[in-house]
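Chains as they are written, first to last, in our numbering: chain W, 10 to 347; chain E, 10 to 347.
Where a beta carbon is used, it is the ideal one built from N, C-alpha and C, also for glycine.
What follows is a single structure, written as structure tokens, with notes after it.
Number of protein chains: 2
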Amino acid sequence: MLSERRLQVLRAIVQDYVGTEEPVGSKALTERHNLGVSPATVRNDMAALEDEGFIAQPHTSAGRIPTDKGYRLFVDKLAGVKPMTAPERRAIQNFLEGSVDLDDVVARTVRLLAQLTRQVAVVQYPSLTRSTVRHVELLSLAPARVMLVLITDTGRVEQRMVDCPAPFGESALADLRARLNSRVAGRRFADVPKLVEDLPDAFEPEDRGTVSTVLSTLLETLVEENEERLMIGGTANLTRFGHDFPFTIRPVLEALEEHVVLLKLLGEAKDPGVTVRIGHENAHEGLNSTSVVSVGYGSGGEAVAKLGVVGPTRMDYPGTMGAVRAVARYVGQILAES
Amino acid sequence: MLSERRLQVLRAIVQDYVGTEEPVGSKALTERHNLGVSPATVRNDMAALEDEGFIAQPHTSAGRIPTDKGYRLFVDKLAGVKPMTAPERRAIQNFLEGSVDLDDVVARTVRLLAQLTRQVAVVQYPSLTRSTVRHVELLSLAPARVMLVLITDTGRVEQRMVDCPAPFGESALADLRARLNSRVAGRRFADVPKLVEDLPDAFEPEDRGTVSTVLSTLLETLVEENEERLMIGGTANLTRFGHDFPFTIRPVLEALEEHVVLLKLLGEAKDPGVTVRIGHENAHEGLNSTSVVSVGYGSGGEAVAKLGVVGPTRMDYPGTMGAVRAVARYVGQILAES
DNA sequence: TGCTGGCACTCACGTGGGAAGAGTGCCAGG
DNA sequence: CCTGGCACTCTTCCCACGTGAGTGCCAGCA
Numbered sequence: 010m011l012s013e014r015r016l017q018v019l020r021a022i023v024q025d026y027v028g029t030e031e032p033v034g035s036k037a038l039t040e041r042h043n044l045g046v047s048p049a050t051v052r053n054d055m056a057a058l059e060d061e062g063f064i065a066q067p068h069t070s071a072g073r074i075p076t077d078k079g080y081r082l083f084v085d086k087l088a089g090v091k092p093m094t095a096p097e098r099r100a101i102q103n104f105l106e107g108s109v110d111l112d113d114v115v116a117r118t119v120r121l122l123a124q125l126t127r128q129v130a131v132v133q134y135p136s137l138t139r140s141t142v143r144h145v146e147l148l149s150l151a152p153a154r155v156m157l158v159l160i161t162d163t164g165r166v167e168q169r170m171v172d173c174p175a176p177f178g179e180s181a182l183a184d185l186r187a188r189l190n191s192r193v194a195g196r197r198f199a200d201v202p203k204l205v206e207d208l209p210d211a212f213e214p215e216d217r218g219t220v221s222t223v224l225s226t227l228l229e230t231l232v233e234e235n236e237e238r239l240m241i242g243g244t245a246n247l248t249r250f251g252h253d254f255p256f257t258i259r260p261v262l263e264a265l266e267e268h269v270v271l272l273k274l275l276g277e278a279k280d281p282g283v284t285v286r287i288g289h290e291n292a293h294e295g296l297n298s299t300s301v302v303s304v305g306y307g308s309g310g311e312a313v314a315k316l317g318v319v320g321p322t323r324m325d326y327p328g329t330m331g332a333v334r335a336v337a338r339y340v341g342q343i344l345a346e347s
Numbered sequence: 010m011l012s013e014r015r016l017q018v019l020r021a022i023v024q025d026y027v028g029t030e031e032p033v034g035s036k037a038l039t040e041r042h043n044l045g046v047s048p049a050t051v052r053n054d055m056a057a058l059e060d061e062g063f064i065a066q067p068h069t070s071a072g073r074i075p076t077d078k079g080y081r082l083f084v085d086k087l088a089g090v091k092p093m094t095a096p097e098r099r100a101i102q103n104f105l106e107g108s109v110d111l112d113d114v115v116a117r118t119v120r121l122l123a124q125l126t127r128q129v130a131v132v133q134y135p136s137l138t139r140s141t142v143r144h145v146e147l148l149s150l151a152p153a154r155v156m157l158v159l160i161t162d163t164g165r166v167e168q169r170m171v172d173c174p175a176p177f178g179e180s181a182l183a184d185l186r187a188r189l190n191s192r193v194a195g196r197r198f199a200d201v202p203k204l205v206e207d208l209p210d211a212f213e214p215e216d217r218g219t220v221s222t223v224l225s226t227l228l229e230t231l232v233e234e235n236e237e238r239l240m241i242g243g244t245a246n247l248t249r250f251g252h253d254f255p256f257t258i259r260p261v262l263e264a265l266e267e268h269v270v271l272l273k274l275l276g277e278a279k280d281p282g283v284t285v286r287i288g289h290e291n292a293h294e295g296l297n298s299t300s301v302v303s304v305g306y307g308s309g310g311e312a313v314a315k316l317g318v319v320g321p322t323r324m325d326y327p328g329t330m331g332a333v334r335a336v337a338r339y340v341g342q343i344l345a346e347s
């Protein structure tokens, strides 16, 4: 096991490297942090840390930089979450409170998070799967054409066109609308399939096909996974990445465009608190030199979706984690109010 | 006026530079294009073209590169639009036909355009301002709370919460819904304000406040300019920009995040055909070293929105214009069908 | 056993001087 | 008005060298 001082050395290395973006040497370390020992001692500690794989040197005559494993230890054991200051919190609240609708909340959140962390912000929309149905509306656009509008408790609206197998009368439509809503309004998505199972039986035989079609469209809408949308912002911050641009930035930009990948990435984080995935811990190759800091958020106690930031592994973890957590908290509040 | 041959020289310079990304000299020109004259002659022509501001040299002992003015002349006079090949057209059609709803059409269009042109694709959603109302739905969520859902002929759905000044009965709501739809369904947005002007008069005095509130929310929704949303894709292609990265790419990424700027940019293009804005012709500073190729698209004969690509001024204009035009055409078809 | 100072060693990095090569401008001749 | 020739200008590449930061190791000391 590593001694207390060696952990301190690691912490100091991470902090300095995050600040200066340059490999940090033993001499600089003793000057900037009062470790109470000489550079030579620190060198021994660094050699030990390197043996254990927590730090590495880019080339022989350079200082050390933390490895993914080093950052992991730093995040888990050596650093806490740096809370936002009161003025910062007020600013977050003010900024989010001007929102007019869900899309606007998300858009503002992305911008805020990107500004706050100076990194790429990623916000997943409230997932449908844990939401409840507020209302289902059916509109007849043509004799055999119905528009299905689903309104969720998060204020989200989804619409689908349904081509009916047979013409469907206004009265039957009104009937279906009424029955449907009395059964599913206020219920969770997951419960809907069972609740509407026997609904076609209540209708005239010639309408059953249409009713089934409408219902299956509704169920599709509910489960459709790619309905989890993402909003991304602050990509310009990627330019602060490193100096060897094209090859660093390109795979990241590509990964960011693959929303499916990001959604999966966010979905994997099961921790109720802030989750940090460092470098190679991210399954996607393009993100192997980035870290993802994410957290769930939601209107109630429950997290309905995730938000987070993507940045270089060399990032200010305590600060970023604090910002992400704070933003998630206030977004949750805003959503609960509306 | 420039002689025919000088124009040919300019065309050759643009083509070569776009291909090689390197300043092109007189000797290389005569080798790759059979202009029928010697390098010395070409040099004289180049000197003339430089005097006129169509080309420039990065430094004394280098070849020439086209200026914005040079590209402008090239686009206007020297090059046409390169049509897509039949297989390409089929691929476009196939790819777009799998779409399930409007959002999906837009998402696919962005990806397609980015892949096709290997540049950044920008697609504006069908603008509300020229659309017509298909249906307005009013839902009572609480005694003094109404949800307004607007459905447009482009299949777009907008929802708004309305807090009523006074409780509003179900029957009054149904009445309002019926009257509202009979007046505005099928009408253009621009005409709606006049059509609903006197609507409150038809209601009981105690309901008029609520009716007015609902109507003004509707009007707000109709005119709200920022409801023109954008989808952007292919930002990874920016890495192919140049070799001097950070400073080239950063302002572009920043500009791309300012949707307002992009919307304005797209909106400015009045030409019914493909519009090209080159370098400094773009009002926004960040886009001064990029060109924007855009075109309107829409379900009917009329263009309801714009799409386009953003790329380096050194781009394959004929090819890009062809791709943009083709995609716009097929997107229009898809929208017309649905 | 652990810390310290000293010392030799290793590289990356910046600098400076050529040499090479591409491209130009100009001029005189056809 | 076009052409070949020629001198000139720069950038770019390469190599060699000195510099300095940082290391590893060792012997001495608490």
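Whole-angstrom C-beta distance between residue j and residue i, which should lie under 8 angstroms
{"i": "I64 (chain E)", "j": "T76 (chain E)", "result": "6 angstroms"}
{"i": "R52 (chain W)", "j": "S35 (chain W)", "result": "5 angstroms"}
{"i": "S174 (chain W)", "j": "G218 (chain W)", "result": "First, the amino acid is wrong: residue 174 (chain W) is Pro here, not Ser. Rounded, the Cβ-Cβ distance is 4 angstroms, consistent with contact."}
{"i": "L262 (chain W)", "j": "T248 (chain E)", "result": "7 angstroms"}
{"i": "E146 (chain W)", "j": "V155 (chain W)", "result": "Rounded, the Cβ-Cβ distance is 10 angstroms, inconsistent with contact."}
{"i": "A264 (chain W)", "j": "G295 (chain W)", "result": "4 angstroms"}
For residue j and residue i, the rounded distance between their alpha carbons
{"i": "V319 (chain W)", "j": "E267 (chain W)", "result": "14 angstroms"}
{"i": "D184 (chain E)", "j": "S191 (chain E)", "result": "11 angstroms"}
{"i": "I22 (chain E)", "j": "L38 (chain W)", "result": "55 angstroms"}
{"i": "R14 (chain W)", "j": "A337 (chain W)", "result": "35 angstroms"}
{"i": "Q17 (chain E)", "j": "E30 (chain E)", "result": "19 angstroms"}
{"i": "I160 (chain E)", "j": "S298 (chain W)", "result": "44 angstroms"}
{"i": "R127 (chain E)", "j": "G242 (chain E)", "result": "10 angstroms"}
{"i": "K203 (chain E)", "j": "L231 (chain E)", "result": "13 angstroms"}
{"i": "G45 (chain E)", "j": "S12 (chain E)", "result": "15 angstroms"}
{"i": "E234 (chain W)", "j": "V301 (chain W)", "result": "Here the model assigns E234 (chain W) a pLDDT of 41, short of 50, so the residue's position is not dependable, and the following value carries that caveat. Taking the straight line from one Cα to the other gives about 22 angstroms."}
{"i": "F177 (chain W)", "j": "R117 (chain E)", "result": "32 angstroms"}
{"i": "E290 (chain E)", "j": "V131 (chain E)", "result": "18 angstroms"}
{"i": "P322 (chain E)", "j": "G341 (chain E)", "result": "Reading off the sequence shown, one finds Thr at residue 322 (chain E), where the question assumed Pro. Their Cα atoms are separated by approximately 27 angstroms."}
{"i": "A332 (chain E)", "j": "G28 (chain W)", "result": "46 angstroms"}
{"i": "S180 (chain W)", "j": "L228 (chain W)", "result": "23 angstroms"}
{"i": "A57 (chain W)", "j": "F250 (chain W)", "result": "29 angstroms"}
{"i": "L111 (chain E)", "j": "F104 (chain W)", "result": "30 angstroms"}
{"i": "F198 (chain W)", "j": "V166 (chain W)", "result": "14 angstroms"}
{"i": "S47 (chain E)", "j": "L82 (chain E)", "result": "24 angstroms"}
Candidates the options: closest to residue i by CA position
{"i": "G317 (chain W)", "options": "W:G288, W:A123 and W:E59", "result": "W:A123"}
{"i": "D113 (chain W)", "options": "E:R169, E:G62, E:K203 and E:D200", "result": "E:R169"}
{"i": "L125 (chain E)", "options": "E:H293, E:D85, E:M330 and E:E167", "result": "E:M330"}
{"i": "P281 (chain W)", "options": "W:V313, W:M240, W:K78 and W:V193", "result": "W:V313"}
{"i": "V142 (chain W)", "options": "W:A181, W:S180 and W:A194", "result": "W:A194"}
{"i": "L239 (chain W)", "options": "W:L344, W:I101 and W:V115", "result": "W:V115"}
{"i": "R196 (chain E)", "options": "E:H144, E:L121 and E:V171", "result": "E:H144"}
{"i": "E237 (chain E)", "options": "E:A199, E:T222 and E:L271", "result": "E:L271"}
Cβ neighbour criterion (16 or more within 10 Å) applied to residue i
{"i": "T94 (chain E)", "result": "exposed"}
{"i": "P214 (chain E)", "result": "exposed"}
{"i": "V33 (chain W)", "result": "buried"}
{"i": "P96 (chain E)", "result": "exposed"}
{"i": "S308 (chain W)", "result": "buried"}
{"i": "R73 (chain W)", "result": "buried"}
{"i": "E68 (chain E)", "result": "According to the sequence as given, residue 68 (chain E) is His; it is not Glu. It counts as exposed."}
{"i": "D216 (chain W)", "result": "buried"}
{"i": "K279 (chain W)", "result": "exposed"}
{"i": "D60 (chain W)", "result": "exposed"}
{"i": "K86 (chain W)", "result": "exposed"}
{"i": "K273 (chain W)", "result": "exposed"}
{"i": "V269 (chain E)", "result": "exposed"}
{"i": "R99 (chain W)", "result": "exposed"}
{"i": "L150 (chain E)", "result": "exposed"}
{"i": "S225 (chain W)", "result": "exposed"}
* Asked: How do the stretch 276-293 of chain W and the stretch 319-339 of chain W stand: do at least 3 beta-carbon pairs fall below 8 angstroms, yes or no?
  -> yes
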